[in-house]
Amino acid sequence: MGLFSRLFGSKTSEPASAVEAEPIEYKGYFIYQEAMEEGGQYRIAGRITKKIGEDTKTHRFIRSDVLATESDANEFMLKKAQMFIDQMGDDIFA
């Protein structure tokens, strides 16, 4: 099996970009921009976390919007996350 894998290539089970996103702090929340590559474009995605008491709460979201570049998708995600925090506060985690 190893010979065929080397000749024809093999798919790995780990994603190519398993790099942890650096969070951006906003009003006590941490926003992680995690655009997802999809068909040559990038889907707006990420997560919002906040430490409440002893627990760290997380809200993950994936939007239907796709943009041409990863940086555009991440920038749009940041703006959407900030607006979501402003509107919902800790109810994000309810």
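For the sequence shown, the positions run 0 to 93 when numbering that gives the first Met the number 0 is used. For glycine and all other residues, C-beta sits at the position ideal for the given N, C-alpha and C.
Per-residue burial, residue i [other beta carbons within 10 Å of its own, 16 or more giving buried]
| i | result |
| --- | --- |
| residue 61 | exposed |
| residue 82 | exposed |
| residue 114 | Lying before the first or after the last residue shown, residue 114 is absent from the chain, which here runs from 0 to 93. |
| residue 93 | exposed |
| residue 95 | Coverage of the chain is limited to positions 0 through 93, which leaves residue 95 absent and any answer about it impossible. |
| residue 80 | buried |
| residue 72 | buried |
| residue 51 | exposed |
Coarse secondary structure for residue i, derived from DSSP in three states
| i | result |
| --- | --- |
| residue 45 | strand |
| residue 82 | helix |
Minimum C-alpha distance to residue i - residue among the options
| i | options | result |
| --- | --- | --- |
| residue 34 | 28, 44, 25 and 27 | 44 |
| residue 64 | 36, 88 and 55 | 36 |
| residue 31 | 91, 57 and 51 | 57 |
| residue 26 | 41, 49 and 59 | 49 |
Between the CA atoms of residue j and residue i - distance to the nearest angstrom
| i | j | result |
| --- | --- | --- |
| residue 39 | residue 69 | 10 angstroms |
| residue 55 | residue 24 | 14 angstroms |
| residue 67 | residue 28 | 27 angstroms |
| residue 77 | residue 84 | 11 angstroms |
| residue 74 | residue 90 | 23 angstroms |
| query | Going along the chain, which unbroken runs of the beta strand (DSSP E) with 3 or more residues stay wholly within the region 43-79? | reply | 54-66
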